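Down below is the structure, laid out as structure tokens.
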Amino acid sequence: MDAENKQIYGVLAEFRNPKELVDAASSVKKSGYQDFDTYAPFPIHGMEKAMGLKKSPLGWIVLGGALIGLIGSLALMIWVMGYEYPMNISGKPYINFPIYVPIAFELTVLLAAFATTFGMLALNNLPRLYNPLFNVERFSKASDDGFFVHIEASDDLFSEEKVKKLFQDNGATHIETVYDSE
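Note that the numbering used here gives residue 7 to position 20 of the sequence shown, counting from 1, and the numbers run on in steps of one.
Set out below in structure tokens:
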């Protein structure tokens, strides 16, 4: 790739083990960087705290989907069976909650599942068909045995030299500037 004609996407650093990765993430956060991420082949305990991540709003999104399913199904069944098309079957009441339970349960679970799936995709900015990190040869180790920190050039404090110095001070084994191919 011709680096002169490319726009800098960020700086990627590789570390030897999970502890060094957590320490580096903590140092990056303490240095004031906001637009950074870590990559590892497995979840690392304490990484959320080191990166300063907030609790995910996904639980509230799922609750909203579940409530919409429950309230919507009950409202529809009560309206249809009690007011719009009432049928007297064997003298049973028009609004009969026990018969609504299976349908209300199923729609609650269905809409909660949809909210979970689409909420997770939206919160993770997926689907993401292209990421400049995929052009870095060493980055393929992130799914096997590599531990990486990436600071994006979009960060307000980003300076290529300062970021490289920060990574060197934290013991990075390999530091590489990542260019966007667009």
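Heads up, the beta-carbon is just placed ideally off N, CA and C, and yes, glycines get one too.
Fair warning: this is a prediction, and the values are worked out from it, not measured in the lab.
Exercise for the section: Please list, in chain order, all residues of the same chain as M(-12) whose beta carbon is under 8 Å from its beta carbon, the five residues on each side excluded. Expected result: Model confidence at M(-12) stands at a pLDDT of 48, short of 50, so the residue's coordinates are unreliable; what they give is reported in the following sentence. Cβ within range, chain order: N122, Y166 and S168.
Problem - Reduced DSSP category for D142 - H, G, I as helix; E, B as strand; rest coil - result: coil
Exercise for the section: For S18, I'd like the list of residues in its chain whose CB is within less than 7 Å of its CB, leaving aside the five on either flank, ordered along the chain. Expected result: L153
Problem - DSSP beta-bridge partners of F23 - result: Paired residues: I138.
Problem - CB contact check: G19 to chain B, cutoff 9 Å - result: The displayed structure is made up of one protein chain only, and chain B is not part of it.
Practice task
Helix, strand or coil for Y87, going by three-state DSSP, please let me know.
Solution key: helix
Problem - Backbone secondary structure at Y166 - three-state DSSP - result: strand
Exercise for the section: Take the Cβ of G(-3) as the centre, count every other Cβ of all protein chains shown within 10 Å, and call the residue buried at 16 or more, exposed below. Expected result: buried
Practice task
Return helix, strand or coil for G69, following the three-state DSSP convention.
Solution key: Here G69 carries a helix assignment [DSSP, helix/strand/coil].
Exercise for the section: Would you kindly work out how many angstroms separate the C-alpha atoms of T160 and E139, rounded to a whole number? Expected result: 19 Å
Exercise for the section: Using 10 angstroms around the beta-carbon of G106, count the other beta-carbons present and answer buried if the total reaches 16, otherwise exposed. Expected result: buried
Exercise for the section: Rounded to whole angstroms, what's the CA-CA distance from A109 to F101? Just pull it up for me. Expected result: 12 Å
Exercise for the section: May I have the straight-line CA-CA distance separating K149 from P44, to the nearest angstrom? Expected result: Whole-angstrom Cα-Cα distance: 33 Å.
Handout entry: CA nearest to the CA of W66, picked from I82, L8 and Q(-6)
Key = I82
Practice task
Note down the Cα distance separating Y70 from T104, rounded to an integer number of angstroms.
Solution key: 35 Å
Handout entry: Exposure label - P28; buried when at least 16 CB within 10 Å
Key = exposed
Practice task
Give every residue of the same chain whose Cβ lies closer than 6 Å to the Cβ of T95, excluding the five residues on either side of it in the sequence, and list them in chain order.
Solution key: Non-local C-beta neighbours of T95 in its own chain, meaning closer than 6 Å and more than five positions away in sequence, comprise A53, G56 and L57, ordered along the chain.
Practice task
Helix, strand or coil for I55, going by three-state DSSP, please let me know.
Solution key: helix
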